[in-house]
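3 is the number of the first residue of the sequence shown in the working numbering; add one for each residue after it.
Worksheet: the structure to be examined is printed underneath.
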Amino acid sequence: VAAYRVKPDIALVLESTTCADVHAVKAESEVTNLGSGVAISIMDRSTIVNRDYVSFLQKISDGIKVQYKKTTAGGNDAGIIHQTGTGVLTASLSVPCRYLHSPVGIASKDDILAAETLAKRLLERIDEVI
Numbered sequence: 003v004a005a006y007r008v009k010p011d012i013a014l015v016l017e018s019t020t021c022a023d024v025h026a027v028k029a030e031s032e033v034t035n036l037g038s039g040v041a042i043s044i045m046d047r048s049t050i051v052n053r054d055y056v057s058f059l060q061k062i063s064d065g066i067k068v069q070y071k072k073t074t075a076g077g078n079d080a081g082i083i084h085q086t087g088t089g090v091l092t093a094s095l096s097v098p099c100r101y102l103h104s105p106v107g108i109a110s111k112d113d114i115l116a117a118e119t120l121a122k123r124l125l126e127r128i129d130e131v132i
């Protein structure tokens, strides 16, 4: 609803995502790793992020710990936002979180700060994206 009202040119979704980086989980089933930085999404079940937008996030992440989400399961508000109107350039930055959908989750303060820093850099250089 907000995206239809605001009609943005660009969007950045900030969220948390699963880790599954615990004992007995096979490496290929891990989505992200706690403590390995903010996760940049390339695609999930509802979004395929523009390649140039992903490349720009990678480019401005110099000195910030980043990782890529390793699975395409799940989704977030980016799935709807990027389909708003004639389309919105949309990306997602995710903070890895163990036990995401339980009463208590575990996240790394460093991963949270990495997400904050990368989001701020994007805002400072947003003219280069759109």
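Note that the Cβ used here is the ideal one computed from N, Cα and C, for glycine as well.
As the structure is a computational prediction, the values presented were derived from the model and not from experiment.
Reduced DSSP category for residue i - H, G, I as helix; E, B as strand; rest coil
i   : result
L16 : strand
T1  : Beyond the ends of the chain as shown, which are 3 and 132, falls residue 1; an answer cannot be given.
L36 : coil
H8  : Sequence inspection shows Val at residue 8; the His mentioned does not correspond to that position. Helix.
L95 : strand
A22 : coil
Buried/exposed call for residue i, threshold 16 Cβ in 10 Å
i    : result
P98  : buried
L125 : exposed
D113 : buried
A75  : exposed
H103 : exposed
For residue i, the nearest candidate out of the options (CA to CA)
i    : options               : result
C21  : L115, G87, I132, A109 : A109
G81  : D46, L95, E17         : D46
T119 : Y55, T19, G39, I132   : G39
S18  : K28, R100, D129, K122 : R100
Contact check, residue i vs residue j, beta carbons under 8 Å
i   : j   : result
V51 : T88 : no
K67 : V33 : no
D64 : V15 : no
For a minimum of 4 consecutive residues, which ranges assigned as the alpha helix (DSSP H) are wholly contained in the region 41 to 77? Taking only runs of at least 4 residues, the alpha helix (DSSP H) segments lying wholly in the region 41 to 77 are 53 to 62.
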